[in-house]
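As structure tokens, the structure follows; a few thoughts come after it.
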Amino acid sequence: MAIISCPQCQKSISDKHKVCPHCNAAVGEMDEQTQHRLAARTKLQQHQSLMNQSFVALILFLGGFLVLYWQHPVPGSWQQNACYAAIAIGVVWYLVNRVRLVFLKRKKL
112 MAIISCPQCQ KSISDKHKVC PHCNAAVGEM DEQTQHRLAA RTKLQQHQSL MNQSFVALIL
172 FLGGFLVLYW QHPVPGSWQQ NACYAAIAIG VVWYLVNRVR LVFLKRKKL
């Protein structure tokens, strides 16, 4: 009995399972090519999701920076603190997503 990854949800399952207990994918009935195609599709969907999140994080960062640059909020006001928070959250979120993308690209199908 070996532990394999489900081609659809990428969670560990036994090779004896006919159906994945996590996502109910019929693993036992799939041939090798179908499993590979399903795994590639899942990886592409994860990649697209991370790219979308990176884009939203970049917009959050730029929005905070541009409001801070053009509006010149009063020092110590809630507007200035909100701009700083948006910039910090956007940068951290963007960097975390980029690292996650690197690890996703390194992962074998």
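Using my numbering, the first residue of the sequence shown is number 112, and each one after it goes up by one. Cβ atoms here follow ideal geometry from the backbone N, Cα and C, with glycine treated the same way. The model shown is predicted, which means the values in this text are computed figures rather than measured ones.
The C-beta distance from C194 to P186 rounds to 11 angstroms, too long to meet the 8 angstroms contact threshold. In the three-state scheme derived from DSSP, where H, G and I count as helix and E and B as strand, S116 is classed as strand. Residues of the same chain with their beta carbon placed closer than 8 angstroms to that of N163 are lacking, with the five preceding and five following residues left out of the count. If you ignore the 5 residues before and after A113, its C-beta comes within less than 7 angstroms of the C-beta of D126, all in its own chain and listed in chain order. In this structure, the alpha-carbon of V167 lies about 15 angstroms from that of L177. If you check the CB distance, L169 and Y205 come in under 8 angstroms.
Here S123 carries a strand assignment [DSSP, helix/strand/coil]. With 16 or more other Cβ atoms from the protein chains shown falling within 10 Å of its own Cβ, F172 counts as buried.
Its chain contains C117, C120, K122, I124 as the residues whose beta carbon lies nearer than 8 angstroms to that of H133, once the 5 sequence neighbours on both sides are disregarded; these appear in chain order. When only Cα atoms are considered, F214 and R148 end up about 20 angstroms apart.
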